[in-house]
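See structure below.
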Amino acid sequence: MFTGLVQSIGSVVGIDSSRYIFQWLNRGKGFEIGESISVDGCCLTVVDFSDETFSTDVVCETQSRTKVLTYTLETRVNLEAAMLASDSIGGHFVLGHIDSTAKVLSAGERFRIEISPSDALYVVEKGSIAIDGVSLTVAGNGEDWVEVALIPHTLLVTTLGDRAPGDLVNIEFDVLAKHVSRIASAQFSAVR
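Residue 203 in my numbering is what sits at position 77 of the sequence shown, and the numbering runs on without skipping anything.
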């Protein structure tokens, strides 16, 4: 589990079929086999490492739901280590289970993405959403879009400042919204 507070911007330094190698400079501690790391919001497992790099295997399910297939060498990525029980939760509960990708409609301080109308029920104004692993507050939403307000600090310390209209981003809707929707749907079906 993660908080959505990006700890570093890393980069892709190797791609070999479904194995991806990422660089995390100045982490301050080593990596461990089996450790979970959020890469652009996607929970990946460390399967090999060196001083400043870690390797992960990306399965077909992850390839189909995330933007990982758009990665090339030197692609910049948001990185966050899994939270500890003793950590402060400065963002929101981010599982690292990407729901889908979304196209950026406008970038900068008013950052708007296009979503599927079927996903709109998971989004409420002032609710939480994770975009490329960054915990954000929804500033506005419609039937097929979500907008967040980004402060200059967020644009500087995450890769969201690199994004332009047309780019893809990973999206994780708030887990509480997904559970409430599922329960409400089941209750509604039972009543009919």
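We put the CB at the ideal spot given by N, CA and C, even for glycine.
Exercise. Under three-state DSSP, which class holds Ala233?
Worked result: Looking at Ala233 - three-state DSSP - the assignment turns out to be coil, as it is neither helix nor strand.
For this session: Leaving aside the five residues before and after Thr196 along the sequence, list all residues of the same chain whose C-beta is less than 8 Å from its C-beta, in chain order.
Result: Leu294
Exercise. Excluding the five sequence neighbours on either side, which residues of its own chain have a C-beta within less than 7 Å of the C-beta of Ala290, listed in chain order?
Worked result: Val230, Ala233
For this session: Leaving out five residues on either side along the sequence, give the residues of the same chain with a beta carbon under 7 Å from the beta carbon of Pro243.
Result: Glu269, Asp270
For this session: Taking only runs that begin and end inside the region 174-255, name each unbroken alpha helix (DSSP H) of 4 or more residues, in chain order.
Result: Every unbroken stretch of the alpha helix (DSSP H) spanning 4 or more residues and falling wholly within the region 174-255 is given here in chain order: 186-191.
Problem set entry | Cut-off 6 Å between Cβ atoms - residues of its own chain near Phe237, not counting five sequence neighbours on either side | Val274, Leu276
For this session: Helix, strand or coil for Ile309, going by three-state DSSP, please let me know.
Result: helix
For this session: Tell me whether Ala256 is buried or exposed, calling it buried when 16 or more other Cβ atoms sit within 10 Å of its Cβ.
Result: buried
For this session: Report the three-state DSSP secondary structure of Val132 (helix, strand or coil).
Result: coil
Problem set entry | Integer Cβ distance of Ser134 from Leu205, believed to fall under 8 Å | 5 Å
Problem set entry | Residue span of the alpha helix (DSSP H) that contains His263, given as start and end | The displayed chain sequence assigns Thr, not His, to residue 263. DSSP places Thr263 outside any alpha helix (DSSP H); the residue lies instead in the beta strand (DSSP E), whose first and last residues are 260-267.
Exercise. Taking Glu187 as the reference, which of Ile224, Lys252, Glu200, Leu262 has the closest Cα?
Worked result: Ile224
Problem set entry | Residues of its chain near Phe219, where Cβ-Cβ distance is below 7 Å and the 5 sequence neighbours each way are ignored | So the list reads Met127, Val301, once near-sequence residues are dropped.
For this session: Could you please give the first and the last residue of the uninterrupted beta strand (DSSP E) stretch that includes Leu276?
Result: Leu276 -> no beta strand (DSSP E), and no H or E assigned at all.
Problem set entry | Residue from Val165, Leu286, Leu210, Asp245 whose Cα sits closest to the Cα of Gln189 | Closest option to Gln189, Cα to Cα, is Val165.
Problem set entry | DSSP-derived helix/strand/coil call for Thr284 | If DSSP states are grouped into helix, strand and coil, Thr284 belongs with coil.
Exercise. Just how far apart, CA to CA, sit Asn296 and Leu151?
Worked result: Approximately 23 Å, taken between the alpha carbons.
Exercise. Starting from Ser164 and walking both ways along the beta strand (DSSP E), at which residues does that stretch end?
Worked result: 162-165
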